[in-house]
Amino acid sequence: MEKSILEITPEDRDVILIDDVIYTGRTLRASIEAVIYSGRPKTIALLCLVDRGHRELPITPSFIGKNIPTNQNEYVSVFLNEIDEEDKVEIKLRDSNSIV
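Going by the numbering used here, the first residue of the sequence shown is number 165, and it counts up by one from there.
1. Relative to the alpha-carbon of Leu-257, which residue among Gly-189, Glu-250 and Gln-236 has its alpha-carbon at the smallest distance?
2. Looking only at DSSP bridge pairs, what is Gln-181 linked to?
3. Might you give, ordered along the chain, the residues of its own chain that have their beta carbon closer than 8 Å to the beta carbon of Pro-233, omitting 5 neighbours on each side?
4. Looking at Ile-169 and Ser-202, is the spacing between their C-beta atoms short of 8 Å?
5. Could you tell me the distance, in whole angstroms, from the CA atom of Asn-245 to the CA atom of Arg-219?
6. Helix, strand or coil: how does DSSP classify Asn-235 here?
7. Can you tell which of Tyr-187, Thr-207 and Ala-198 has the C-alpha that lies nearest to the C-alpha of Lys-266?
8. For my contact list, Pro-205 and Val-199 are in at a C-beta cut-off of 8 Å; report their separation, rounded to the angstrom.
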């Protein structure tokens with residue numbers, strides 16, 4: 165995997181990383197690494213719209229929109245009005261079109 169290069173430097177800035185759904189924590193860890201690789205921020209805060217649990221890494225967002233406990237065989241999708249013409253969260257069984 166290639167290293168991410170940010171278009172602006174995070175040096176001495178307060179950085180907020182935003183993720184729609186936090187699951188294992190691996191995506192946010194990679195994002196944190198990309199920020200640190202690009203410069204030394206003053207602070208890094210994490211925000212996620214949905215926390216579904218099942219963390220594999222000790223990463224806890226500073227801000228969470230909604231805690232939605234899920235099973236490992238479920239998938240969470242977030243829809244935003246600005247993109248999808250409605251605000252909603254769907255939980256589906258993996259490899260299925262059925263909504264839980």
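We treat Cβ as the ideally placed atom computed from N, Cα and C, and that holds for glycine.
The relevant details are as follows:
1. Nearest in C-alpha terms to Leu-257, of all of Gly-189, Glu-250 and Gln-236, is Gln-236.
2. In the sequence on display, residue 181 carries Leu and not Gln. Bridge pairing for Leu-181: Leu-210 [DSSP].
3. The answer, listed in chain order, is Arg-216 and Gly-217.
4. Cβ atoms of Ser-202 and Ile-169: closer than 8 Å.
5. Between the C-alpha atoms of Asn-245 and Arg-219 there is a straight-line separation of about 28 Å.
6. Asn-235 falls in the coil class under three-state DSSP.
7. An answer regarding residue 266 cannot be provided, because it is not within the stretch 165 to 264 covered by the chain.
8. Between Val-199 and Pro-205 the Cβ distance is about 6 Å, and since that is below 8 Å, they are a contact.
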